[in-house]
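In my numbering, the protein residues as written are 44 to 362.
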Ligand code: CDT
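Right, dumping it as structure tokens:
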């Protein structure tokens with residue numbers, strides 16, 4: 044029996060560093076209303092959607108840094124999003140920066156159409172660096188500002204399917220997709236803030252959009268799952284970020300994709316039952332996986348990569 048759902052990625056354009064939460068939330072409510080008008084039962088907002096993406100700046104004032112985090116969810120500022128979602132009967136996914144005791148996480152929640160929390164995830168693959176690197180045009184300080192997530196990669200039964208979560212850089216790692224796939228995720232929702240420019244590897248800048256879709260499409264296909272991915276896009280306080288928010292089918296096909304780098308809704312009709320086309324066939328895990336040979340993926344330290352290359356380049360032959 045078909046299990047249809049209309050899903051939407053609510054892409055956000057840049058959020059100014061001094062933009063109040065209430066303004067960002069008002070923009071998100073407007074996107075949610077648009078998505079609902081297109082029949083969406085689920086709206087996916089970006090990573091850290093309530094503020095400018097502050098890991099792009101060195102912030103040494105603790106109070107200023109903390110002002111980007113949420114201590115409560117919902118809060119006075121975010122309550123209008125929860126209220127409107129309940130009124131419309133729409134579920135949503137929201138990324139935000141969370142303080143929990145002495146820990147700080149890059150977090151996302153999945154909220155049901157009744158306003159109840161369905162699932163929560165804290166980002167594991169934190170990219171970037173810990174110290175100030177003034178040579179960069181912008182920083183990437185997630186490793187400094189956030190703790191590693193401690194909730195694994197949850198998959199819950201919701202919206203008539205099985206819904207999993209990850210956040211931004213996680214999408215580049217096949218281990219994440221397979222862990223979600225092994226839990227029979229039929230839809231993976233995620234947000235991202237991806238700069239167009241990688242200061243360490245500018246020769247890859249023209250491939251940022253390609254690598255985004257490559258990761259999402261491969262993750263979807265190899266695990267037979269739908270994906271909804273929402274960007275925070277555009278020129279945010281000097282850092283240009285890619286768009287490309289999209290809905291991907293379990294076949295790896297992109298069903299809908301954003302056309303701008305501003306606030307935009309991207310919607311598509313999905314049917315959870317179509318996941319079986321892939322997972323009963325080419326990626327039938329029970330029939331075809333060979334887990335007894337996969338141990339090295341999870342074991343200990345990775346093989347040296349750069350050091351081996353450096354050695355062969357710097358050492359004389361035979362030395
Ligand atoms: N927010 C986030 O995780 N951004 C990283 C930037 C990596 S540098 C190319 C990402 O994977 O998109």
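Ideal Cβ placement from N, Cα and C applies to all residues, glycine included.
CB of residue i within 8 Å of CB of residue j, strictly
i, j, result
"residue 193", "residue 165", "yes"
"residue 309", "residue 288", "yes"
"residue 240", "residue 248", "yes"
"residue 229", "residue 204", "yes"
"residue 294", "residue 321", "yes"
"residue 93", "residue 67", "yes"
"residue 301", "residue 286", "yes"
"residue 161", "residue 199", "yes"
"residue 107", "residue 236", "no"
"residue 75", "residue 131", "yes"
"residue 212", "residue 168", "yes"
"residue 282", "residue 189", "no"
"residue 116", "residue 142", "no"
"residue 86", "residue 78", "yes"
"residue 326", "residue 46", "no"
"residue 64", "residue 120", "yes"
Beta-carbon separation (whole angstroms), residue i vs residue j, contact threshold 8 Å
i, j, result
"residue 139", "residue 113", "5 Å"
"residue 155", "residue 122", "Not confirmed; about 16 Å, so no contact."
"residue 311", "residue 299", "4 Å"
"residue 52", "residue 201", "Actually they are not in contact, since the Cβ atoms of residue 52 and residue 201 sit about 17 Å apart, beyond 8 Å."
"residue 279", "residue 88", "Contact doesn't hold; Cβ gap of about 15 Å is too wide."
"residue 158", "residue 128", "7 Å"
Opening and closing residue of the alpha helix (DSSP H) in which residue i lies
i, result
"residue 186", "185 to 188"
"residue 321", "318 to 322"
"residue 108", "105 to 109"
"residue 330", "328 to 331"
Three-state secondary structure (DSSP) of residue i
i, result
"residue 70", "helix"
"residue 46", "coil"
"residue 254", "helix"
"residue 136", "strand"
"residue 239", "coil"
"residue 360", "Low confidence applies to residue 360: its pLDDT is 35, below 50, so where it sits in the model is not reliable, and the reading given next is rough at best. Three-state DSSP puts residue 360 in coil, outside helix and strand."
"residue 247", "helix"
"residue 75", "helix"
"residue 265", "helix"
"residue 260", "helix"
"residue 65", "helix"
"residue 56", "coil"
"residue 292", "coil"
Chain B contact for residue i (CB, 8 Å cutoff)
i, result
"residue 321", "The chain inventory of the structure shown lacks chain B, comprising one protein chain alone."
Where the beta strand (DSSP E) through residue i begins and ends
i, result
"residue 338", "Per DSSP, residue 338 belongs to no beta strand (DSSP E); it is in the alpha helix (DSSP H), 338 to 341."
"residue 297", "297 to 300"
"residue 124", "No beta strand (DSSP E) contains residue 124, which is instead part of the alpha helix (DSSP H) from 122 to 131."
"residue 314", "307 to 314"
"residue 85", "85 to 87"
"residue 278", "277 to 279"
"residue 116", "Where residue 116 is concerned, there is no enclosing beta strand (DSSP E), given that its DSSP letter is neither H nor E."
"residue 90", "Note, residue 90: premise wrong, no beta strand (DSSP E); not H, not E."
* To do: Just list the beta strand (DSSP E) runs in the segment 135 to 176, keeping only unbroken ones of 3 residues or longer that don't cross its boundaries, in chain order.
  => Taking 3 residues as the shortest admissible run, the segment 135 to 176 contains the following complete beta strand (DSSP E) segments, listed from N- to C-terminal end: 146 to 154, 160 to 165.
* **Runs of alpha helix (DSSP H) wholly within the segment 202 to 228 (minimum 4 residues, chain order)** => Entirely contained in the segment 202 to 228, the alpha helix (DSSP H) runs reaching 4 residues are, in chain order, 217 to 225.
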